[in-house]
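> Got a structure here, written out as structure tokens. Questions coming.
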Amino acid sequence: MMEQLEARSLRYAQGGRQLIDTLDLALKPGEMVALIGPNGAGKSTLLRMLTGFVTPDSGECRLGDRPLAAWPRQQLAQRRAVMRQQNLVTFSLPAAGVVAMGRAPWPSAGAEAIVDEVMALTGCSELAGRDYRLLSGGEQQRVQLARVLAQLWRDGAPRGWLFLDEPTSALDLFWQQSTLRLLHRLSRQGDLGVCAVLHDLNLAALWADRILLLHQGRLVAQGSPQAVMTEATLTRWYQAELRVTAHHESGRPVIQLRA
Ligand SMILES: Nc1ncnc2c1ncn2[C@@H]1O[C@H](COP(=O)(O)OP(=O)(O)OP(=O)(O)O)[C@@H](O)[C@H]1O
Ligand SMILES: [Mg+2]
1 MMEQLEARSL RYAQGGRQLI DTLDLALKPG EMVALIGPNG AGKSTLLRML TGFVTPDSGE
61 CRLGDRPLAA WPRQQLAQRR AVMRQQNLVT FSLPAAGVVA MGRAPWPSAG AEAIVDEVMA
121 LTGCSELAGR DYRLLSGGEQ QRVQLARVLA QLWRDGAPRG WLFLDEPTSA LDLFWQQSTL
181 RLLHRLSRQG DLGVCAVLHD LNLAALWADR ILLLHQGRLV AQGSPQAVMT EATLTRWYQA
241 ELRVTAHHES GRPVIQLRA
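Here full-length UniProt numbering is used: the first residue of the sequence shown is 1, the next is one more, and so on.
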């Protein structure tokens, strides 16, 4: 079974600025969480902290019964995967090789079948033999998604905690929809928790179970999309002029910028 992931009283300062300010949160298996907030709010910093790449000045992140820092690196890598905002590959490697890198924490038996399966799921099968560096931005993003799914793959499904920093920023409409549907479906299977930074509030509103709104390192609102994505809340924290209406099928919020 999955261990719970929890953050308690996280604080973190850099260059004289409080980037994360007394932040608590708990992620639940089977749930898809969207982390939203303006540029510089601390979303990527928080993701790095929740995944153990940055140590808070005070407070802690716990996975199960232990702080993240107390987990052996390989065991942690088998339980949580991270797709960053930027992914540099500086040497020539076929896309399938990038996805196979996700299997590093696991014994090599069966890796090829898993790589094939996650590449099919993410629509990357045709890219398998192509040089990753020559792929388009959106193609690279899908390959990276396949890589993190491969990392968490165990007994026929991804299991653990999946952290994604703007996973759809380079995707066209078709792939935005496919990707969010896929993540939603995989999280519903119960052994996967997804936490994604999303700038596209309409995608977040349609597919997230819970929204966390970060502003200057603090969680200033959290709850269902309907609860968080109101005109008053979004206008206050983003300073943009916008309107919120209801999605025609789901009733979830639709955010429209004013011209
Ligand atoms: N090492 C550092 N030293 C000083 N400031 C930093 C450091 N790392 C990040 N920051 C600052 O912390 C703030 C939060 O950065 P972060 O990358 O977490 O924002 P973000 O919410 O992910 O923004 P974006 O939406 O633009 O990706 C920014 O103002 C950034 O300049
Ligand atoms: Mg960021």
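Cβ atoms here follow ideal geometry from the backbone N, Cα and C, with glycine treated the same way. Just so it is clear, the structure is predicted and the values come from calculations on it, not from any experiment.
1) Ligand 1 and residue 200: does the residue's C-beta get closer than 8 Å to at least one heavy atom of that ligand?
2) Let's see if you can read the secondary structure: which residues bound the alpha helix (DSSP H) around residue 138?
3) According to the Cβ coordinates, are residue 168 and residue 146 closer than 9 Å?
4) Measuring alpha carbon to alpha carbon, tell me which residue in 84, 143, 152, 3 is nearest residue 198.
5) How do the segment 161-176 and the segment 214-234 stand: do at least 3 beta-carbon pairs fall below 8 Å, yes or no?
6) Quick one: what's got a C-beta closer than 7 Å to residue 71's C-beta in the same chain, skipping five residues either side?
7) Alpha carbon to alpha carbon, how far is residue 194 from residue 76?
8) Just checking my contact of residue 44 with residue 165 at CB under 8 Å: how many whole Å lie between their CB atoms?
9) How about residue 216: is its Cβ closer than 8 Å to a heavy atom in ligand 2?
10) Going by CA-CA distance only, name the one from 42, 51, 187, 239 that's closest to residue 258.
11) Within this structure, are the beta carbons of residue 158 and residue 186 separated by less than 9 Å?
12) For the alpha helix (DSSP H) that residue 230 lies in, which residues bound it at each end?
13) Where does residue 216 sit, in a helix, a strand or coil, going by DSSP?
14) Name the two residues that bound the continuous alpha helix (DSSP H) containing residue 48.
Short version:
1) Start at 1 with the first residue of the sequence shown, and residue 200 comes out as number 200. Answer for residue 200: no, Cβ out of range of ligand 1.
2) Locating residue 138 in the sequence shown gives position 138, counting from the first residue. Unbroken alpha helix (DSSP H) run through residue 138: 137-152.
3) Along the sequence shown, read from residue 1 onward, the residue named residue 168 stands at position 168. Along the sequence shown, read from residue 1 onward, the residue named residue 146 stands at position 146. Going by C-beta atoms, residue 168 is not nearer than 9 Å to residue 146.
4) Translated into the one-based positions of the sequence shown, residue 198 becomes position 198. Nearest of 84, 143, 152, 3 to residue 198, Cα basis: 84.
5) no
6) Taking the first residue of the sequence shown as 1, we reach residue 71 at position 71. The residues are 63.
7) If you number the sequence shown from 1, residue 194 lands on position 194. If you number the sequence shown from 1, residue 76 lands on position 76. Residue 194 and residue 76: Cα-Cα distance of roughly 16 Å.
8) Start at 1 with the first residue of the sequence shown, and residue 44 comes out as number 44. Start at 1 with the first residue of the sequence shown, and residue 165 comes out as number 165. With a Cβ gap of about 6 Å, residue 44 and residue 165 count as contacting.
9) Taking the first residue of the sequence shown as 1, we reach residue 216 at position 216. The answer is no for residue 216.
10) As a position in the sequence shown, residue 258 is number 258, starting the count at 1. With distances taken between Cα atoms, residue 258 lies closest to 239.
11) As a position in the sequence shown, residue 158 is number 158, starting the count at 1. As a position in the sequence shown, residue 186 is number 186, starting the count at 1. Yes, the pair counts as a contact, with Cβ atoms nearer than the cut-off.
12) The residue labelled residue 230 in the question sits at position 230 within the sequence shown. No alpha helix (DSSP H) contains residue 230, which DSSP labels as neither H nor E.
13) One-based indexing of the sequence shown puts residue 216 at position 216. Coil at residue 216, not helix or strand.
14) For the purposes of this step, residue 48 is identified with residue 48 of the sequence shown, where counting begins at 1. Unbroken alpha helix (DSSP H) run through residue 48: 43-50.
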